[in-house]
Every structure is written in C-alpha cells, then in structure tokens.
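J.: Let me begin by handing over the structure; questions about it come next.
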Amino acid sequence: MTELNYMTGFGNEFETEALPGALPIGQFSPQKVKYNLYTEQFNVTAFTAPRAENRRNWFYRIRPSVIQGDYQAMDNGLIRTAPITEAIAPPTMFRWSPVEIPAKPTDFIDGLKTMAANGSAEGQAGIGIHVYVANQSMQGRYFYNADGELLFVPQQGALVLHTECGKLAIKPGEIAVIPRGIKFNVELLDESARGYICENYGHPYILAERGPVGANGYANDRDFQYPVAAFEDLEGNFELVAKFNGNLFRCDIGHSPLDVVAWTGNSAPYKYDLSRFCTMNTVSFDHPDPSIFTVLTSPSGTPGVANIDFVVFPPRWMVAEHTFRPPYYHRNIMSEFMGLIEGVYDAKEHGFVPGGMSLHNCMSPHGPEAEVFEKASNAELKPQRYENTMAFMFESRYVISPTKFALEGDHLQKDYTKCWQKIEKKFTGKA
Numbered sequence: 027m028t029e030l031n032y033m034t035g036f037g038n039e040f041e042t043e044a045l046p047g048a049l050p051i052g053q054f055s056p057q058k059v060k061y062n063l064y065t066e067q068f069n070v071t072a073f074t075a076p077r078a079e080n081r082r083n084w085f086y087r088i089r090p091s092v093i094q095g096d097y098q099a100m101d102n103g104l105i106r107t108a109p110i111t112e113a114i115a116p117p118t119m120f121r122w123s124p125v126e127i128p129a130k131p132t133d134f135i136d137g138l139k140t141m142a143a144n145g146s147a148e149g150q151a152g153i154g155i156h157v158y159v160a161n162q163s164m165q166g167r168y169f170y171n172a173d174g175e176l177l178f179v180p181q182q183g184a185l186v187l188h189t190e191c192g193k194l195a196i197k198p199g200e201i202a203v204i205p206r207g208i209k210f211n212v213e214l215l216d217e218s219a220r221g222y223i224c225e226n227y228g229h230p231y232i233l234a235e236r237g238p239v240g241a242n243g244y245a246n247d248r249d250f251q252y253p254v255a256a257f258e259d260l261e262g263n264f265e266l267v268a269k270f271n272g273n274l275f276r277c278d279i280g281h282s283p284l285d286v287v288a289w290t291g292n293s294a295p296y297k298y299d300l301s302r303f304c305t306m307n308t309v310s311f312d313h314p315d316p317s318i319f320t321v322l323t324s325p326s327g328t329p330g331v332a333n334i335d336f337v338v339f340p341p342r343w344m345v346a347e348h349t350f351r352p353p354y355y356h357r358n359i360m361s362e363f364m365g366l367i368e369g370v371y372d373a374k375e376h377g378f379v380p381g382g383m384s385l386h387n388c389m390s391p392h393g394p395e396a397e398v399f400e401k402a403s404n405a406e407l408k409p410q411r412y413e414n415t416m417a418f419m420f421e422s423r424y425v426i427s428p429t430k431f432a433l434e435g436d437h438l439q440k441d442y443t444k445c446w447q448k449i450e451k452k453f454t455g456k457a
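Laid out in structure tokens, this is it:
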C-alpha cells in the first residue's frame, strides 16, 4: 500500500479536495457545485451548540446519502448496546483471555463482540466496549454507527479505515476515532486483526486539559492526523449496515457511499500514534493517579468527572524514591476496563496478556497481585525503564455491566481473584 497523506491538528477546521476546484470557496451551498457534485451537511452536534463545541462537515459528493434502499433488521450477533439487561453485573473483579481469531471467513462487522457497556445509548450517555476479530476485509459492505463515535485500539494486525472523509491506516500502537454516523469499511493489511473498540454514546472526545502542567505535554494537538479527501466512484450491488438505537439494520445500495470528492469541517475521523504521548510522572515520591495518562476524554455533566477517559500506560521511566512504585491498592468511584496491546503491565505480571482485558468496577477493590507486592516492596529503588509495554484503560463514571457473552464465555478467567488470596498478613503490632 502506498503511503497515505494526512492533515494535522486536533479538531481543526479542515478543507480538502480530491479534484481541483471541487470545494466551493466563500460559501458552503452554491446553486451548482463544480463536477456536478451534491452538497450535504453532516452534523454530530446540534446546530445551536456553542461555536467551541460545534462539530460539522460539509460534503461535496457524487450522490447524496438519501439514495439507498429501505432498511431491514439484522441479527445483532454478539453486539449489545447499553443498558445491558441480559445479565446482572456483580461487583466481582473480572479478567479475560484474548478472544480467538475465528477460523471461518469473518470481517469487521461479523467479528464485533460486545464485552460490556454502561449508561444508555438512547440517552446519549455512557459507553459500549467491544472487541473485534477478523480475518478478511469488508467486501462490498459499508458500516456506520448512529449510536456513538468509535475509538479503535488495534492489538494485532494493521488496518486501513476507508471513510467518507478519506483513508486512515492504523496499526498496533496507534488509535483512530470515527465520528458518530460516518460511513466506512475496514481493510485488513495482514492475515488477521484483533483489537478493542470503545463506542462513546456521549460528548465527542476532546483532549484532556493540562492544568498546572502548562502549555505542553500529554497529547499534543499537532500529532493528531486527519485524512485528505479520497473518493470511490463505484457502482454495483453493495450493502450498507447501520447500528441504530442498539440494533443492526441493512439496506441495499447501488454505489459506494464513500463518494465524497471534497469536504470541509471539523468532524472527521482521525488517528494518533500513542508513542507521541508525552508522559508526565513523579520525579520525587509517591505513585501519581492514572489521570495523568489521559489521552482523550468525553466529559459528562459534572466538571472533572468523565463519561469516558481513554488512558494509556506507555514505556516510561520510574524514579520515585521511598515509594511503592506499582499502582497502589485502591477503591474508586470510577469504573475501569483495561486492555493490553503489548508487553507486561506492571501491576499484573501473570495472566493479563496482550489481547486480554480486565474490569474493576465502581468501589471494587483492586491492585497488585501478591507476587508483585512482594517484589515491589523489596526492590532496590534505582531508576527503572519500563520497556516494550502498552496498556490502556477505558475509565467511566458509570458502572460497567458485562454482557452475557463476557460472563459465560470460555475466555473468562474464573480464577482471577485468586491472585490476591496469597497476600499475607504482616501485622505484628510492633513498629
């Protein structure tokens, strides 16, 4: 595949055209558009949203989106949407092994499986957490999600996301976000692919604030990449699949819906290389809260309390003095769903493997396993480099409810909580 070109800058007002002069200048909706294109506005926020929060695009396309067949309901497979009612969520701590790559031909849509969700898609609050496993590209199929924007976290295999706005190539160690309602298909660049999806029902992602850190650090705006216009002028028998109000629907479409020749706006798909996250950490003592590793956040109605935070734990130096360096034992009002892209996570040296997942819900206690506690309590505290590791967390203010598939599948590690049972009583009553 040839190298793709990108525009840069988080949330910028972009303009791009695949054919010269296709993008109108000075107005959005002229009486006639060059190349006989159709004008279409795409909004993911209300018309009257404040300017700083308003997100919309203007598309100049070969055919307007209204040219499509009637929708018919599809089998939802293992895709679920909040609120989860098929299973009761206990306060137990959970961990899962990776979901296997299927043996039969499976594309992105057919290989999407919901692990957990919270809030309500209809109420536009909360998240859905999915895994995808696939061994073939989407062929003659296109997809859009009307319930929320999609955050892709690849763990195995590179992808090209062909979207209405252009193409994004992503691989493990990178992420991509596709806004609510944008049509796309998924091309595999390797024999198989596996990864995580966070479906955000709420406020679109923004960059985390830096606070006292100042003007630089964490995720920098310049490192977010957006596609340039690249259209498909294809006719034939295609299928358009929609996730709408918690269910899947399909319709026939006689052309590729990725026929946008030019566009301008600030609600486009984007990608980000996680290695560019400028990590902040202690240079004195104590283990800082994981909020310092927040890349993207979806705010809720309460300041400082997120609908969803996307947090990463990348390679970094640990130099804290007089300090227990792994995450401390804690209980938290926020609910934490973790995944591992590569390597080892410092608090869980066994059982939590790349492609795996864990869930520690609101007020459920968690922290290092017994072996990690002993090792970290007695380690020589010299500067230590955490190498070849990349874990992440979806953290939400709402309780995360596992699906029936997650609670009853073979990948559930039923002995997970035993990792803490060997923690010994050390209290003697003497200093």
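By my numbering, the letter at position 211 of the sequence shown is numbered 237, and the numbering carries on one by one without gaps.
In this text, a Cβ means the ideal position worked out from N, Cα and C, and glycines have one as well.
Treat the numbers as computed from the prediction; the structure is a model and nothing was measured.
Starting from Ser361, follow the beta strand (DSSP E) in both directions and report where the run begins and ends.
T.: For the purposes of this step, residue 361 is identified with residue 335 of the sequence shown, where counting begins at 1. First-last of the beta strand (DSSP E) with Ser361: 361 to 368.
J.: Determine the closest residue to Asn414 out of Thr323, Pro198, Val287, Asn246, with distance taken between C-alpha atoms.
T.: Taking the sequence shown and counting its residues from 1, the one referred to as residue 414 is at position 388. Out of Thr323, Pro198, Val287, Asn246, Pro198 has the C-alpha closest to the C-alpha of Asn414.
J.: In or out: Met389 buried (at least 16 other Cβ within 10 Å) or exposed?
T.: Residue numbering aside, residue 389 sits at position 363 when the sequence shown is read from its first letter. By the 10 Å Cβ count, Met389 comes out exposed.
J.: Take every Cβ of the region 218 to 227, pair it with every Cβ of the region 64 to 79, and state whether three or more of those distances are shorter than 8 Å.
T.: No, they do not touch.
J.: What's the C-alpha gap between Gly330 and Asp173?
T.: Mapped onto the sequence shown, residue 330 falls at position 304. Mapped onto the sequence shown, residue 173 falls at position 147. So the two alpha carbons sit approximately 24 Å from each other.
J.: Between the Cα of Ile204 and the Cα atoms of Pro253, Glu235, Ser163, Tyr244, which residue gives the shortest distance?
T.: As a first step, residue 204 is located in the sequence shown; it is residue number 178 there, counting from the start. That would be Pro253, whose Cα lies nearest to the Cα of Ile204.
J.: Between Met33 and Thr290, what straight-line distance do the alpha-carbon atoms span, to the nearest angstrom?
T.: Residue numbering aside, residue 33 sits at position 7 when the sequence shown is read from its first letter. Residue numbering aside, residue 290 sits at position 264 when the sequence shown is read from its first letter. Going from the Cα of Met33 to the Cα of Thr290 covers about 12 Å.
J.: Would you list the residues sitting across from Glu261 in a DSSP beta bridge?
T.: For the purposes of this step, residue 261 is taken as the residue at position 235 of the sequence shown. According to DSSP, which records beta bridges pairwise, Glu261 is partnered with His281.
J.: With a Cβ-Cβ cutoff of 8 Å, do Ile449 and Thr323 count as a contact?
T.: The residue given as residue 449 occupies position 423 in the sequence shown. The residue given as residue 323 occupies position 297 in the sequence shown. Taking 8 Å as the Cβ cut-off, Ile449 and Thr323 do not qualify as a contacting pair.
J.: My assumption, with CB atoms under 8 Å, is that Ala402 sits in contact with Phe350. Please give the rounded CB distance.
T.: Numbered from 1 along the sequence shown, position 376 holds the residue referred to as residue 402. Numbered from 1 along the sequence shown, position 324 holds the residue referred to as residue 350. Indeed they touch by this definition, with Cβ atoms about 6 Å apart.
J.: Judging by CA-CA distance, which residue of Asn83, Lys60, Arg106 is the nearest neighbour of Asn69?
T.: Here residue 69 is taken as the residue at index 43 of the sequence shown, counted from 1. The candidate whose alpha carbon is nearest that of Asn69 is Asn83.
J.: Thinking C-alpha only, which one of Met100, Leu438, Trp446 is nearest Gly272?
T.: Sequence index remark: in the sequence shown, residue 272 carries index 246 (1-based). Of Met100, Leu438, Trp446, the residue nearest in Cα terms is Met100.
J.: Taking the beta carbon of Ser361 as the centre, do at least 16 other beta carbons fall within 10 Å, making it buried, or is it exposed?
T.: Position 335 of the sequence shown holds residue 361. That one is buried.
J.: For Val22, which residues in the same chain have their Cβ closer than 7 Å to its Cβ, ignoring the five residues on either side in sequence?
T.: What the structure shows of the chain is the stretch from 27 to 457, and residue 22 is not part of that stretch, so it cannot be assessed.
J.: Express the C-alpha separation of Gly262 and Phe303 in angstroms, rounding to a whole number.
T.: As a position in the sequence shown, residue 303 is number 277, starting the count at 1. As a position in the sequence shown, residue 262 is number 236, starting the count at 1. Distance between the alpha carbons of Phe303 and Gly262: 43 Å.
J.: Three or more beta-carbon pairs under 8 Å between the region 369 to 381 and the region 111 to 126, yes or no?
T.: Segments in contact, yes.
J.: Should His392 go down as buried or exposed, given a rule of 16 or more other Cβ atoms within 10 Å for buried?
T.: To locate residue 392, count along the sequence shown from 1; it is residue 366. Classification for His392: buried.
J.: Within its chain, find whatever has a CB closer than 6 Å to the CB of Thr132; leave out the 5 residues flanking it on each side and keep chain order.
T.: Locating residue 132 in the sequence shown gives position 106, counting from the first residue. Result list for Thr132: Ala160, Asn161, in chain order.
J.: Between Ala288, Ile201, Pro238, Leu63, which has its C-alpha nearest Asp249's C-alpha?
T.: Translated into positions along the sequence shown, residue 249 becomes position 223. Comparing Cα-Cα distances from Asp249 to each of Ala288, Ile201, Pro238, Leu63, the minimum goes to Ile201.
J.: Between the C-alpha atoms of Pro109 and Phe418, what's the straight-line distance to the nearest angstrom?
T.: Position 83 of the sequence shown, counted from the first residue, corresponds to residue 109. Position 392 of the sequence shown, counted from the first residue, corresponds to residue 418. Computed Cα separation, rounded: 24 Å.
J.: Compare the Cα-Cα distances from Gln67 to each of Gly327, Asn307, Gln439, Ser293 and report the closest residue.
T.: Residue mapping note: residue 67 aligns to position 41 of the sequence shown, counting from 1. Minimum Cα distance to Gln67 is reached at Ser293.
J.: Could you check if Lys193 is buried or exposed, using at least 16 other CB atoms within 10 Å of its CB as the buried criterion?
T.: Indexing the sequence shown from 1 puts residue 193 at position 167. The residue in question, Lys193, is buried, as its Cβ has 16 or more Cβ neighbours within 10 Å.
J.: Excluding five sequence neighbours on each side, which residues of the same chain lie with their C-beta closer than 6 Å to the C-beta of Ile368?
T.: For the purposes of this step, residue 368 is identified with residue 342 of the sequence shown, where counting begins at 1. A small fix is needed here, since residue 368 is Glu in this sequence, not Ile. Once the five neighbours on either side are set aside, the close Cβ partners of Glu368 are Pro380, Met416.
J.: Tell me which residue opens and which closes the beta strand (DSSP E) that Lys193 is part of.
T.: Working through the sequence shown from its first residue, we reach residue 193 at position 167. Lys193 -> beta strand (DSSP E) spans 192 to 196.
J.: What would DSSP say about Tyr32, mapped onto helix, strand or coil?
T.: On the sequence shown, residue 32 is found 6 positions in, with the first residue counted as 1. Residue state, collapsed to three classes: strand.
J.: Where do the N-terminal and C-terminal ends of the alpha helix (DSSP H) with Glu397 fall, by residue?
T.: Against the sequence shown, residue 397 aligns to sequence position 371. Note, Glu397: alpha helix (DSSP H), 396 to 403.
J.: Given Asn357, which residues of its chain have a CB within under 6 Å of its CB, disregarding the five upstream and five downstream residues?
T.: On the sequence shown, residue 357 is found 331 positions in, with the first residue counted as 1. The displayed chain sequence assigns Arg, not Asn, to residue 357. Once the five neighbours on either side are set aside, the close Cβ partners of Arg357 are Met389, Pro391.
J.: Decide if Val157 is buried, meaning its Cβ has at least 16 other Cβ atoms within 10 Å, or exposed.
T.: One-based indexing of the sequence shown puts residue 157 at position 131. Buried, by the Cβ-count rule.
J.: Find out if the Cβ-Cβ distance for the pair Phe431, Lys139 is shorter than 8 Å.
T.: Residue mapping note: residue 431 aligns to position 405 of the sequence shown, counting from 1. Residue mapping note: residue 139 aligns to position 113 of the sequence shown, counting from 1. Yes.
J.: Quick test of your reading: Met306 and Tyr244, contact by CB under 8 Å. State the CB separation rounded to the nearest angstrom.
T.: The residue labelled residue 306 in the question sits at position 280 within the sequence shown. The residue labelled residue 244 in the question sits at position 218 within the sequence shown. Indeed they touch by this definition, with Cβ atoms about 7 Å apart.
J.: Please classify Pro50: is it buried, with 16 or more other beta-carbons within 10 angstroms of its beta-carbon, or exposed?
T.: For this step, residue 50 is matched to residue 24 along the sequence shown. Buried is the call here.
J.: Smallest Cα separation from Gly435: which of Ala113, Lys60, Ala72?
T.: As a working mapping, residue 435 is identified with position 409 in the sequence shown. Closest option to Gly435, Cα to Cα, is Ala113.
J.: If you scan the region 191 to 237 from start to end, which runs of the beta strand (DSSP E) of 3 or more residues do you find wholly inside it?
T.: With a minimum length of 3 residues, the continuous beta strand (DSSP E) runs that stay inside the region 191 to 237 are 192 to 196, 200 to 204, 210 to 214, 219 to 226.
J.: What residue range does the beta strand (DSSP E) around Leu322 cover?
T.: Your numbering for residue 322 matches position 296 in the sequence shown. That run of the beta strand (DSSP E) goes 320 to 325.
J.: Quick one: complete beta strand (DSSP E) runs, 3+ long, within the region 77 to 112?
T.: Those beta strand (DSSP E) runs which fall completely within the region 77 to 112 and span 3+ residues are 82 to 87.
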